[in-house]
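J.: The structure's right below; bear with me while I get my questions together.
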Amino acid sequence: MYGVEASGAETERTAFRRAEKRYKLYKSQPTRSRKQPVVNRTDLSDVIDFLAVLESFERDGGTPEGIYRFECPGFALPIFCLKDRPGFYFIPCALTIEEQCYWIRQSLISFPQPPNRTNHTAIYGPISYLLTAVQNKKILVEAENSNVSLVDNNMLAPRYIFSETSLDAHVEGHDSCKSVSASVLLRKLRWSTLGLQFDWSKRNYDVSLPHNKIPNDLCLLAKKMAVPAMSSGEEFQPEAAIVNYFGPSDMLGGHLDDMEADWSKPIVSISLGCKAIFLLGGKSREDMPVSMFLRSGDIILMAGQARECFHGVPRIFIDDEHAENSDLLSQFSGEDDRCFMDYIKSSRININIRQVN
Ligand SMILES: O=C(O)CCC(=O)C(=O)O
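Just so you know, UniProt numbering puts 69 at position 69 of the sequence shown, and the rest follows in order with no gaps.
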């Protein structure tokens, strides 16, 4: 997520950039006669569909040209690899629907909780219980005594707090006060960081920032899923995770994740929610990337040489035809789950877990 981005006209000319443009979502501007924007039809015929690969493998044991089944003794799920991208592993349907729901809930309830930082922390300071505030239609307003101070565990005291909607009039009358509804904050949530905190401005892990360990259940899942990419006898040590939240027209530009010490260790990357396209390039932006679908419950591993490959997410699909999240949505049909349903029907979440040292 945080790797070096090439800039300006130069990027337009690279093979990676051209692939991004090919898959990106383009919407026409609404006109007087046509209020609804028209979405471009993208040719998806070159996109590798690992669900179809899995289904055909289960039928007849075969795999398409360039893809092979990776044998990992004791690992229960089928794993597929690309012949020309060593160190890249695709585990389709790695999570059950119940597990996907669990991790979606965690991503929206616990992962953005302080001391974990989010993209909102730099603007508003620590924000607690965002999802509860969304459910209760609260708004975030400047705290009365909002001078920055430290509370327990070296954490910043909240500068903004959630308030009842009824206070809105009072807040709006106050010139210096920024107020924003919890639902807008949730929609604009782009990332949260777990475990060792990544400092986006310095592009490094800042071990001095307060943090909790990666939650134990996420740690166990990452260790279990990392096995195919680990040398025998070694165990993956999850120390940090970045949770990316994608709204309908968000994309993640081509980048490298190069801030961890040992690139032989995998990044364990979990997809949840709407289907997306993932581009896996080569060591240069000039290398033509391969494209593949990422569905809710898929897990990919990038280790060794694959860690040196540019990658990104140019598109998520929210339309009924392509999003493929109806099974997931049916799990959130209860009244209490309304905000999960509203969120995930047009969003994607990616949790990527790293060993830093
Ligand atoms: O969203 C994804 O599947 C990829 C995320 C990623 O590449 C990153 O966070 O570095």
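Glycine included, each C-beta is placed from N, C-alpha and C at the ideal position.
Predicted, not measured: the structure shown is a model, and the values here were computed from it.
I'd like to confirm the pairing. Which residues does DSSP put opposite Phe293 in its beta bridges?
T.: Locating residue 293 in the sequence shown gives position 293, counting from the first residue. Paired residues: Ile277.
J.: Just to confirm, does Val290 get its C-beta within under 6 Å of one of the non-hydrogen atoms of ligand 1?
T.: Residue numbering aside, residue 290 sits at position 290 when the sequence shown is read from its first letter. False, no ligand heavy atom lies under 6 Å from that Cβ.
J.: Measure from the C-beta of Gln100 to each C-beta in chain B and report whether the shortest distance is under 7 Å.
T.: No chain B is present in this structure, which holds just one protein chain.
J.: Look at the alpha carbon of Ser291 and the alpha carbon of Arg315, and state the distance between them as a whole number of angstroms.
T.: Working through the sequence shown from its first residue, we reach residue 291 at position 291. Working through the sequence shown from its first residue, we reach residue 315 at position 315. If I take the Cα positions, the gap works out to 11 Å.
J.: Pick out whichever of Ile318, Glu58, Val141 has its Cα sitting closest to the Cα of Val180.
T.: Locating residue 180 in the sequence shown gives position 180, counting from the first residue. Comparing Cα-Cα distances from Val180 to each of Ile318, Glu58, Val141, the minimum goes to Val141.
J.: Does the Cβ-Cβ distance between Phe293 and Val134 come in under 7 Å?
T.: One-based indexing of the sequence shown puts residue 293 at position 293. One-based indexing of the sequence shown puts residue 134 at position 134. It is not a contact, given that the beta carbons lie outside the stated cut-off.
J.: Determine, using beta-carbon pairs with one atom in the stretch 304-320 and one in the stretch 242-250, whether at least three such pairs fall under 8 Å.
T.: The stretch 304-320 vs the stretch 242-250: in contact.
J.: Is the beta carbon of Ile214 within less than 6 Å of some heavy atom of ligand 1?
T.: Within the sequence shown, numbered from 1, the residue matching residue 214 stands at position 214. Ile214: no, Cβ never under 6 Å from ligand 1.
J.: Starting from Ile91, follow the beta strand (DSSP E) in both directions and report where the run begins and ends.
T.: Counted from its first residue, the sequence shown places residue 91 at position 91. Start and end: 88-91.
J.: How close, in whole Å, do the beta carbons of Arg190 and Asn119 come, if the pair is a contact with beta carbons under 8 Å?
T.: Locating residue 190 in the sequence shown gives position 190, counting from the first residue. Locating residue 119 in the sequence shown gives position 119, counting from the first residue. Their Cβ separation, rounded to whole angstroms, is 4 Å, which keeps Arg190 and Asn119 in contact under 8 Å.
J.: Are the stretch 341-354 and the stretch 262-278 touching by the rule of at least three beta carbon pairs closer than 8 Å?
T.: With a cut-off of 8 Å, the stretch 262-278 and the stretch 341-354 count as touching, because enough Cβ pairs lie within range.
J.: Where Val207 and Glu55 are concerned, what is the direct C-alpha to C-alpha distance, given to the nearest angstrom?
T.: As a first step, residue 207 is located in the sequence shown; it is residue number 207 there, counting from the start. As a first step, residue 55 is located in the sequence shown; it is residue number 55 there, counting from the start. Distance between the alpha carbons of Val207 and Glu55: 44 Å.
J.: Would you list the residues whose beta-carbon is nearer than 6 Å to any heavy atom of ligand 1, in the order they occur in the chain?
T.: Working through the chain, the matches are Met1, Ile242, Asn244, Leu252, Asp257, Ser269, Ser271, Phe278, Leu294, His311, Val313, Asn350, Asn352.
J.: Compute the Euclidean distance between the alpha carbons of Arg18 and Phe278, then round it to the nearest angstrom.
T.: By one-based count along the sequence shown, residue 18 stands at place 18. By one-based count along the sequence shown, residue 278 stands at place 278. For Arg18 and Phe278, the distance between alpha carbons rounds to 14 Å.
J.: Shortest alpha-carbon distance to Glu164 belongs to which of Phe70, His211, Ile139?
T.: In the sequence shown, residue 164 corresponds to position 164, counting from 1. Taking only the C-alpha atoms, the option nearest Glu164 is Ile139.
J.: In the DSSP assignment, the alpha helix (DSSP H) including Leu54 goes from what residue to what residue?
T.: Counting from one through the sequence shown, the residue named residue 54 turns up at place 54. Unbroken alpha helix (DSSP H) run through Leu54: 50-60.
J.: Can you tell me which residues form a DSSP beta bridge with Trp191?
T.: Stepping through the sequence shown from its first residue, residue 191 is reached at position 191. Per DSSP, Asn244.
J.: Look at the alpha carbon of Gln113 and the alpha carbon of Tyr129, and state the distance between them as a whole number of angstroms.
T.: In the sequence shown, residue 113 corresponds to position 113, counting from 1. In the sequence shown, residue 129 corresponds to position 129, counting from 1. Answer to the nearest angstrom: the Cα atoms are 7 Å apart.
J.: Give the straight-line distance between the Cα atoms of Gly254 and Val184, rounded to the nearest whole angstrom.
T.: Working through the sequence shown from its first residue, we reach residue 254 at position 254. Working through the sequence shown from its first residue, we reach residue 184 at position 184. So the two alpha carbons sit approximately 27 Å from each other.
J.: Can you tell me whether Ala182 is buried or exposed? The criterion is at least 16 other CB atoms within 10 Å of its CB, across all chains shown.
T.: Mapped onto the sequence shown, residue 182 falls at position 182. By the 10 Å Cβ count, Ala182 comes out buried.
J.: Taking 8 Å as the threshold, find out whether the stretch 81-88 comes into contact with the stretch 301-313 through three or more Cβ pairs.
T.: Segments in contact, yes.
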